[in-house]
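In the working numbering, the protein residues as written are 53 to 190.
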């Protein structure tokens with residue numbers, strides 16, 4: 053991952069090409085400097101898809117501030133059924149909306165999702181949308 057980061061950051065911003073980096077098994081490939089790249093990814097025309105089965109393991113290894121920073125850099129978030137309880141607690145707080153009458157999914161609601169459901173919080177036109185339930189993998 054550090055080589056990929058170097059390749060992205062070594063480009064001049066004017067001449068950089070669009071990159072889409074997929075990191076599956078985020079806990080296995082995460083390192084502290086990745087936070088810096090995630091915070092500046094749009095500047096370098098880079099999009100990241102981060103897939104993690106148990107993000108609370110990152111808190112164990114790097115601390116809770118790392119999880120907060122990571123989630124603040126991620127625009128679109130999905131929680132699938134079967135997520136670990138610790139992850140559900142972290143994500144339900146992060147995906148909640150306290151403005152207006154919009155629905156906030158509790159950790160209990162996320163923990164009891166049916167097998168073919170997920171809750172998604174998306175960004176559209178620079179604004180967060182209301183978290184919605186989606187049917188997946190029919």
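For each residue, glycine too, the CB sits at the ideal point set by N, CA and C.
Select from the options the residue whose C-alpha is nearest the C-alpha of residue i.
{"i": "residue 183", "options": "95, 66, 62, 145", "result": "145"}
{"i": "residue 93", "options": "166, 188, 61", "result": "61"}
{"i": "residue 53", "options": "116, 179, 90", "result": "90"}
{"i": "residue 185", "options": "172, 105, 102", "result": "172"}
{"i": "residue 114", "options": "85, 135, 178", "result": "85"}
{"i": "residue 117", "options": "167, 142, 165, 71", "result": "142"}
{"i": "residue 77", "options": "129, 71, 105, 69", "result": "105"}
{"i": "residue 101", "options": "111, 120, 72", "result": "72"}
Exposed or buried, which one is residue i when buried takes at least 16 other CB atoms within 10 Å?
{"i": "residue 187", "result": "exposed"}
{"i": "residue 175", "result": "exposed"}
{"i": "residue 189", "result": "exposed"}
{"i": "residue 139", "result": "buried"}
{"i": "residue 64", "result": "exposed"}
{"i": "residue 159", "result": "buried"}
{"i": "residue 98", "result": "buried"}
{"i": "residue 150", "result": "Because the pLDDT at residue 150 is just 43, under 50, the model does not fix this residue reliably, and the point stays unresolved."}
{"i": "residue 59", "result": "exposed"}
{"i": "residue 137", "result": "exposed"}
With the cut-off set at 8 Å, would you say residue i and residue j are in Cβ contact?
{"i": "residue 79", "j": "residue 57", "result": "no"}
{"i": "residue 66", "j": "residue 122", "result": "no"}
{"i": "residue 170", "j": "residue 133", "result": "yes"}
{"i": "residue 129", "j": "residue 147", "result": "yes"}
Give the C-beta separation of residue i and residue j to the nearest angstrom, bearing in mind that I take them to be a contact with Cβ-Cβ under 8 Å.
{"i": "residue 162", "j": "residue 126", "result": "Their Cβ separation, rounded to whole angstroms, is 17 Å, which puts residue 162 and residue 126 out of contact at 8 Å."}
{"i": "residue 83", "j": "residue 75", "result": "So it is not a contact: roughly 11 Å between Cβ atoms."}
For residue i, would you say it is in contact with chain D, using Cβ-to-Cβ distances shorter than 8 Å as the test?
{"i": "residue 97", "result": "Structure shown: chain D not included; a single protein chain is present."}
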